[in-house]
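Line by line, the protein sequences are chains P and G.
Adding 158 to a residue's 1-based position in the first sequence gives its number in our numbering.
Adding 32 to a residue's 1-based position in the second sequence gives its number in our numbering.
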Amino acid sequence: MTMKSKLAAAAFAGLMATTAMTPALAETPPNMLVIANRIDDIKTFDPAESFEFAGADVSRNVYEKLVNFDPLNLDAGFGPQLAESWDISEDGQTITFTMATGHTFASGNEVTAKDAEFSLRRAVLLNKTPSFILTQFGFTAENVEETIVATDDNKLVLTLDKPYALSFVLNCLTATIGGIVDMETAMANEVDGDMGGEWLRTNTAGSGPYKVADWKPNESVLMDLNPNYAGEKPAMERVIVQHIQESATQRLQLERGDIDVARNLSPEDVAGLADVDGVKVVDELRGRLMYWSANQKNEMLADPKVVEALKWATDYDGMSNSFLKGQYTPQQAFLPLTFLGALEEKPFSYDMEKAKAALAESGHGECGDIKISVREAQERLDIAQSLQNTWGQLGCNVELVVGTGAQTLDRYRAREHDIYLGAWGPDYPDPNTNAGTFAYNPDNSDEAGATGLLAWRNAWGIPEMSEQTLAAVVENDTEARKQMYLDLQREHQKVSPFGVMFQQIEQNGMRANVENFVAGGATTAVSYWVITK
Amino acid sequence: MTQTTLTAARRAPMASGWPKKLATTLLTVAVTLLGLLFVTFMIGRVMPIDPVLAVIGERATQAQYDETFRQLGLDKPLLVQFGIYVGDVLQGDFGKSIRTGQQVSTDIARVFPATLELATLGTLMGVFLGVPLGVVAAVYRGSWIDQIARLIGLIGYSMPIFWLGLVGLLVFYGMLDWVEGPGRLGVFYQGIVPTRTGLLLVDSLIAGDMTVFKDAFGHIILPASLLGYFSLAYISRMTRSFMLEQLSAEYVTTARVKGLSEWQVVWGHAFRNIRIQLVTVIALAYANLLEGSVLTEIIFAWPGIGQYITTSLLANDMNSVLGGTVVIGTIFVCLNIFSDLLYRVFDPRSK
Numbered sequence: 159m160t161m162k163s164k165l166a167a168a169a170f171a172g173l174m175a176t177t178a179m180t181p182a183l184a185e186t187p188p189n190m191l192v193i194a195n196r197i198d199d200i201k202t203f204d205p206a207e208s209f210e211f212a213g214a215d216v217s218r219n220v221y222e223k224l225v226n227f228d229p230l231n232l233d234a235g236f237g238p239q240l241a242e243s244w245d246i247s248e249d250g251q252t253i254t255f256t257m258a259t260g261h262t263f264a265s266g267n268e269v270t271a272k273d274a275e276f277s278l279r280r281a282v283l284l285n286k287t288p289s290f291i292l293t294q295f296g297f298t299a300e301n302v303e304e305t306i307v308a309t310d311d312n313k314l315v316l317t318l319d320k321p322y323a324l325s326f327v328l329n330c331l332t333a334t335i336g337g338i339v340d341m342e343t344a345m346a347n348e349v350d351g352d353m354g355g356e357w358l359r360t361n362t363a364g365s366g367p368y369k370v371a372d373w374k375p376n377e378s379v380l381m382d383l384n385p386n387y388a389g390e391k392p393a394m395e396r397v398i399v400q401h402i403q404e405s406a407t408q409r410l411q412l413e414r415g416d417i418d419v420a421r422n423l424s425p426e427d428v429a430g431l432a433d434v435d436g437v438k439v440v441d442e443l444r445g446r447l448m449y450w451s452a453n454q455k456n457e458m459l460a461d462p463k464v465v466e467a468l469k470w471a472t473d474y475d476g477m478s479n480s481f482l483k484g485q486y487t488p489q490q491a492f493l494p495l496t497f498l499g500a501l502e503e504k505p506f507s508y509d510m511e512k513a514k515a516a517l518a519e520s521g522h523g524e525c526g527d528i529k530i531s532v533r534e535a536q537e538r539l540d541i542a543q544s545l546q547n548t549w550g551q552l553g554c555n556v557e558l559v560v561g562t563g564a565q566t567l568d569r570y571r572a573r574e575h576d577i578y579l580g581a582w583g584p585d586y587p588d589p590n591t592n593a594g595t596f597a598y599n600p601d602n603s604d605e606a607g608a609t610g611l612l613a614w615r616n617a618w619g620i621p622e623m624s625e626q627t628l629a630a631v632v633e634n635d636t637e638a639r640k641q642m643y644l645d646l647q648r649e650h651q652k653v654s655p656f657g658v659m660f661q662q663i664e665q666n667g668m669r670a671n672v673e674n675f676v677a678g679g680a681t682t683a684v685s686y687w688v689i690t691k
Numbered sequence: 033m034t035q036t037t038l039t040a041a042r043r044a045p046m047a048s049g050w051p052k053k054l055a056t057t058l059l060t061v062a063v064t065l066l067g068l069l070f071v072t073f074m075i076g077r078v079m080p081i082d083p084v085l086a087v088i089g090e091r092a093t094q095a096q097y098d099e100t101f102r103q104l105g106l107d108k109p110l111l112v113q114f115g116i117y118v119g120d121v122l123q124g125d126f127g128k129s130i131r132t133g134q135q136v137s138t139d140i141a142r143v144f145p146a147t148l149e150l151a152t153l154g155t156l157m158g159v160f161l162g163v164p165l166g167v168v169a170a171v172y173r174g175s176w177i178d179q180i181a182r183l184i185g186l187i188g189y190s191m192p193i194f195w196l197g198l199v200g201l202l203v204f205y206g207m208l209d210w211v212e213g214p215g216r217l218g219v220f221y222q223g224i225v226p227t228r229t230g231l232l233l234v235d236s237l238i239a240g241d242m243t244v245f246k247d248a249f250g251h252i253i254l255p256a257s258l259l260g261y262f263s264l265a266y267i268s269r270m271t272r273s274f275m276l277e278q279l280s281a282e283y284v285t286t287a288r289v290k291g292l293s294e295w296q297v298v299w300g301h302a303f304r305n306i307r308i309q310l311v312t313v314i315a316l317a318y319a320n321l322l323e324g325s326v327l328t329e330i331i332f333a334w335p336g337i338g339q340y341i342t343t344s345l346l347a348n349d350m351n352s353v354l355g356g357t358v359v360i361g362t363i364f365v366c367l368n369i370f371s372d373l374l375y376r377v378f379d380p381r382s383k
């Protein structure tokens, strides 16, 4: 959207605020859920490949996993789903799952351990972007036949390359890539050895509560009930997700009753719904963090005291209470709240005196030129401008380098930025997902090319902290593991070139009669099957 | 010589010239499209963004990056890449969209009819209202009708379409409930009518389903009116300008002196002489709408080609951008050819 159109939207919001609208005339059927959402990021429904937000929303409702989260009790963590139980060997390297009975795919085929073997193997063999979630346990294309094995229809055995915390492994299996696919259906649609990959891009073959009946890219996804679903029959027999880009349009539809849920409301539109009858707004803490990071190849920014000064010169509360109000809450640790071991302490606040004192202690008496690399998205631009202002008060000459997401990311991965302002969301619901990128970089050389690690992108070499991060993923005592992450985050807050600022709050507008809408919290995606109206 | 042979003899030069002209036209079209493809392709390749990341995302490993780099053919020289691409296009293969995971041709076949339907309705509104308004404004120059026509034109030029669209939705959908909401069809009507042309109004008529037709019409009427208004503003303004020029010409005075009625003077003489210019104006207005009115498509959640190309460009999905560009380029060329043909109909001298 151009600046001109944003101004027009703001003017429109003002107009709406002063206009009394006719009460809603429409209403969706009681067994149907209609959602407005931005779903133009869906590229595929294949759990071995899907790695986008809207895709994860579909996948969670279509594919069951060996272990999964109860949407009405996310804090409880993972629990049994297709696997009714699991055992870990004494050496901690072999996990044996016992399959639950009574689960059936939409095709009518019964779910067996062979399907689980097929699904996890194909995720490794296809080697798509999310495959690292499984391959980090030592599974490779060469060894999957020995390391992922269904000994019969009821038992699945995973052999890891070394002992890991059981919670780490099981948390990873709750990710989208852990979705169990109907082997028979997938292989019936195999083309050129793709294990059904092409077909599964646009079709689904799961045992979850729903199946995708129709998908029009950038337009809509239609989900109908899986008649063979093993669980309680969902109240919503049909779910339609429409791609509606504009917040104002979503709001109009919601007020009219043409949709049940609006998922991309701007703060202005959320505020506008406050006095509307028949509509409510539900806040939910999500996993995305907003942060800035300093490239350690920049001599000035490699000085820890300069970075500390910048952390003190960031107006966390000012931003979260103004243009980010309701959308983000301050969080200064690399784990989002609600994750195991998430640190709640916020040692930094906007304090120009402390900022100046830290700068004076640095080897750079005066702050020099700083370029903030930021993508062209309104909330990020607003944050960048706030940093430009407050860091400017510290004496820094801040320039904003605005680009598309891809341009900004290119510079970041090439380690060519000064300051990168961006967001990071967890890949799977285990603390290692963020620890393994914010606090892990064993080889800081350019040749290492570890572009997936945020610490590497910022040229921050941390061999010792990397060891601590690795130690945390093999600790099987959950309390001890939690403490390790708490310690790691405290240290990270002090010494890292990362200025973690905020955690996302998702504000979903919905009709007052919609109950149990759970967007997925910080750990998972939306669950339509528990919703009632 | 009989009448028949005389006619044949007269037609002979035209007949012999016709294939040559067709060949020239086709060659021009081919060169234009090739040039268009080349420029777009090169822009896509020299843009400072990485097409591989667009495919695999930022979390991929270096090995996955390298593999995708090779799969996309990016390890080959630019000209070779272009040659391969043109070869594929000639076989009807625009490649796969990295954003939707589907063939670009499939995507375009889905989104273009949406734009075609919207633009056609918008242009028809613009022509049927804009042309008479422009003529009347010129005839009654300086009168209140003229002032109103000029005001309509001025508003059409200066009002942001984004704002006008949102206000239109608020008033006619939100408050008055005269029209349907965003999208092409209500959620309860989707999939009822089989897709034949992709034009929902036409498909529902073919199927004889007036309920679906009514719903589709309720969805399209507001965005089409909005586009029609902007076309109207342009067309009426240009029509007025052309007519003023003609009405001050001596032949018009002569016609009036000869005692012809004002209707005959205006429509029979002056208007006849602006038809050629009007064809160009209307063709341009139509082509602009066919390019896709991105903002209108976003506000009304209209899954058209404008939104498709823009979103693809932002995602660096160059196969989609190139495919869409070829379609738009072809439309422009076809409209140009169509305009030329109409010139020949309206102006015998051009034959």
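Ideal Cβ positions, reconstructed from N, Cα and C, are used throughout, including at glycine.
Here the structure is a predicted model, which is why all the values come from computation and not from measurement.
Check your understanding: Any C-beta of chain G sitting closer than 7 Å to the C-beta of T180/P?
Key -> Taking the first residue of the first sequence as 1, we reach residue 180/P at position 22. Summary for T180/P: the model assigns pLDDT 44, below 50, so the residue's position carries little reliability, and this model does not support an answer.
Review point. Is the CB of L106/G under 7 Å away from at least one CB in chain P?
Key: Numbered from 1 along the second sequence, position 74 holds the residue referred to as residue 106/G. By this cut-off, L106/G is not an interface position.
Point to revise | Euclidean distance between Cα positions of L431/P and L495/P | key: The sequence position of residue 431/P within the first sequence is 273, counting from 1. The sequence position of residue 495/P within the first sequence is 337, counting from 1. Cα to Cα, L431/P sits roughly 27 Å from L495/P.
Practice item. Would you verify that the beta carbon of P145/G is, or is not, closer than 7 Å to some beta carbon of chain P? Key: Residue 145/G sits at position 113 when you count from the first residue of the second sequence. Among the CB atoms of chain P, none fall inside 7 Å of the CB of P145/G.
Check your understanding: Are any of the Cβ atoms in chain P nearer than 7 Å to that of G240/G?
Key -> Indexing the second sequence from 1 puts residue 240/G at position 208. Residue contact with chain P for G240/G: absent (no Cβ-Cβ distance below 7 Å to any residue of chain P).
**Study point:** Through-space distance from E395/P to L321/G, alpha-carbon basis
**Key:** What you label residue 321/G is simply residue 289 of the second sequence in a count that begins at 1. What you label residue 395/P is simply residue 237 of the first sequence in a count that begins at 1. Those two C-alpha atoms are separated by around 39 Å.
**Study point:** Contact list for N285/P against chain G, beta-carbon separation under 7 Å
**Key:** Residue 285/P sits at position 127 when you count from the first residue of the first sequence. Simply Q96.
Review point. Between D441/P and the rest of its own chain, which residues show a CB-CB distance below 6 Å, the 5 nearest in sequence each way excluded?
Key: Reading the first sequence from its first residue, position 283 is the one you call residue 441/P. Close CB contacts of D441/P within its chain, under the 6 Å cut and outside five residues either way in sequence, are with I663 and Q665 (chain order).
Exercise for review: Over the uninterrupted alpha helix (DSSP H) stretch that includes V428/P, give me the two end residues.
Suggested key: Translated into positions along the first sequence, residue 428/P becomes position 270. Where V428/P is concerned, the enclosing alpha helix (DSSP H) stretches over P425 to G430.
Point to revise | Close Cβ partners of M257/P (< 8 Å) along its chain, the five nearest in sequence each way excluded | key: Residue mapping note: residue 257/P aligns to position 99 of the first sequence, counting from 1. L240, A241, E242, V269, T270, A271, A274, D311, N312, K313 and L314.
Review point. In chain G, which residues lie less than 7 Å from I699/P when you measure between Cβ atoms?
Key: The structure shown does not extend to residue 699/P, since chain P is modelled only from 159 through 691, so no value can be given for it.
Check your understanding: Name the chain G residues that come within less than 7 Å of T407/P, Cβ to Cβ?
Key -> Residue 407/P sits at position 249 when you count from the first residue of the first sequence. Residues of chain G passing the Cβ test: L201, P214, I331 and A333.
Check your understanding: In chain order, what residues of the same chain have a beta carbon less than 7 Å from the beta carbon of V658/P, not counting five sequence neighbours either side?
Key -> One-based indexing of the first sequence puts residue 658/P at position 500. Closer than 7 Å at Cβ, skipping near neighbours: L447, Y449, Q489, Q490, A491 and F492.
**Study point:** C-beta neighbour in chain G for P375/P, strict 7 Å
**Key:** Here the question's residue 375/P lines up with position 217 in the first sequence. Closer than 7 Å: yes.
**Study point:** Rounded straight-line distance, which links the Cα of S289/P to that of N213/P
**Key:** The residue given as residue 213/P occupies position 55 in the first sequence. The residue given as residue 289/P occupies position 131 in the first sequence. Checking the displayed sequence, the identity of residue 213/P turns out to be Gly instead of Asn. If you take the alpha carbons of G213/P and S289/P, they lie about 16 Å apart.
**Study point:** Whole runs of the alpha helix (DSSP H) within the stretch 359 to 440 of chain P, excluding any shorter than 4 residues
**Key:** If you keep only unbroken alpha helix (DSSP H) runs of at least 4 residues inside the stretch 359 to 440 of chain P, you get 405 to 414 and 425 to 430.
Check your understanding: So what does Y486/P bridge to, in DSSP terms?
Key -> Translated into the one-based positions of the first sequence, residue 486/P becomes position 328. Answer by DSSP bridge pairing, in chain order: Q662/P.
**Study point:** Residues within the stretch 180 to 204 of chain G neighbouring chain P, beta-carbon criterion of under 7 Å
**Key:** Identification of residues in the stretch 180 to 204 of chain G having a C-beta nearer than 7 Å to some C-beta of chain P yields P192, F194, W195, L198, V199, L201 and L202, given in sequence order.
Review point. Quick one: is P255/G buried, meaning 16 or more other Cβ sit within 10 Å of its Cβ, or exposed?
Key: Translated into positions along the second sequence, residue 255/G becomes position 223. With 16 or more other Cβ atoms within 10 Å, it is buried.
**Study point:** Residue burial classification, W295/G (beta-carbon count within 10 angstroms, cutoff 16)
**Key:** By one-based count along the second sequence, residue 295/G stands at place 263. Counting other Cβ atoms within 10 Å of its Cβ, W295/G stays below 16 and is therefore classed as exposed.
Check your understanding: Are the Cβ atoms of Q626/P and L611/P separated by less than 7 Å?
Key -> Numbered from its first residue, the first sequence carries residue 626/P at position 468. Numbered from its first residue, the first sequence carries residue 611/P at position 453. Taking 7 Å as the Cβ cut-off, Q626/P and L611/P do not qualify as a contacting pair.
**Study point:** Where E304/P sits in the DSSP three-state scheme
**Key:** Position 146 of the first sequence holds residue 304/P. E304/P carries a helical assignment under DSSP once its states are collapsed to helix, strand and coil.
Practice item. Check whether the Cβ atoms of T609/P and R91/G sit closer than 7 Å, and answer yes or no. Key: For the purposes of this step, residue 609/P is taken as the residue at position 451 of the first sequence. For the purposes of this step, residue 91/G is taken as the residue at position 59 of the second sequence. Contact flag unset, no.
Practice item. Give a yes or no on whether 7 Å exceeds the smallest Cβ distance from R573/P to chain G. Key: Position 415 of the first sequence, counting from 1, holds the residue named residue 573/P. R573/P does not count as touching chain G.
Check your understanding: Can you give the Cα-Cα distance for A281/P and G607/P, rounded to whole angstroms?
Key -> Your numbering for residue 281/P matches position 123 in the first sequence. Your numbering for residue 607/P matches position 449 in the first sequence. Computed Cα separation, rounded: 24 Å.
Point to revise | Start and end residues, beta strand (DSSP E) containing D245/P | key: Working through the first sequence from its first residue, we reach residue 245/P at position 87. In the DSSP annotation of this structure, the continuous segment of the beta strand (DSSP E) that includes D245/P starts and ends at A241 to I246.
Exercise for review: Please confirm if E149/G has its CB atom under 7 Å from at least one CB of chain P.
Suggested key: Here the question's residue 149/G lines up with position 117 in the second sequence. Interface criterion not met: the Cβ of E149/G is under 7 Å from no Cβ in chain P.
Practice item. Answer yes or no: does any C-beta atom of chain P fall closer than 7 Å to that of A319/G? Key: Within the second sequence, the letter at position 287 stands for residue 319/G. It does not: the Cβ of A319/G has no partner Cβ on chain P nearer than 7 Å.
Point to revise | D235/G versus V118/G: straight-line alpha-carbon distance, rounded | key: Here the question's residue 235/G lines up with position 203 in the second sequence. Here the question's residue 118/G lines up with position 86 in the second sequence. Their Cα atoms are separated by approximately 34 Å.
Exercise for review: Please compile the residues from chain P whose C-beta is within a distance smaller than 9 Å of the C-beta of E294/G.
Suggested key: Taking the second sequence and counting its residues from 1, the one referred to as residue 294/G is at position 262. The contact set of E294/G on chain P, defined by CB atoms closer than 9 Å, is empty, because the minimum CB distance reaches about 43 Å.
Practice item. Run through the stretch 497 to 554 of chain P for me and flag every whole alpha helix (DSSP H) of 4 or more residues, listed as ranges in chain order. Key: Taken in chain order, the complete alpha helix (DSSP H) segments of 4 residues or longer contained in the stretch 497 to 554 of chain P are 510 to 519 and 536 to 551.
Practice item. Note down the Cα distance separating F364/G from T271/G, rounded to an integer number of angstroms. Key: Against the second sequence, residue 364/G aligns to sequence position 332. Against the second sequence, residue 271/G aligns to sequence position 239. C-alpha separation (whole angstroms): 22 Å.
Exercise for review: May I ask you to list, following chain order, the residues of the stretch 192 to 220 of chain P that have a beta carbon less than 7 Å from some beta carbon of chain G?
Suggested key: Correct list: V192, D198, K201, T202 and F209.
Review point. Whose C-beta lies closer than 8 Å to the C-beta of L237/G among residues of the same chain, with five residues either side of it excluded?
Key: For this step, residue 237/G is matched to residue 205 along the second sequence. Cβ-Cβ distances below 8 Å link L237/G to F245 in the same chain, with the five nearest sequence neighbours on each side left out; the list follows chain order.
Review point. Whose C-beta lies closer than 8 Å to the C-beta of A141/G among residues of the same chain, with five residues either side of it excluded?
Key: In the second sequence, residue 141/G corresponds to position 109, counting from 1. The beta carbon of A141/G sits closer than 8 Å to those of G230, all from its chain and outside the five residues before and after it, given in chain order.
Exercise for review: Return the residues of the stretch 79 to 92 of chain G that lie within a Cβ-Cβ distance of less than 8 Å from chain P, sorted by chain order.
Suggested key: So the list reads P80, I81, D82, L85, A86, I88, G89, E90, R91 and A92, given in the order they occur along the chain.
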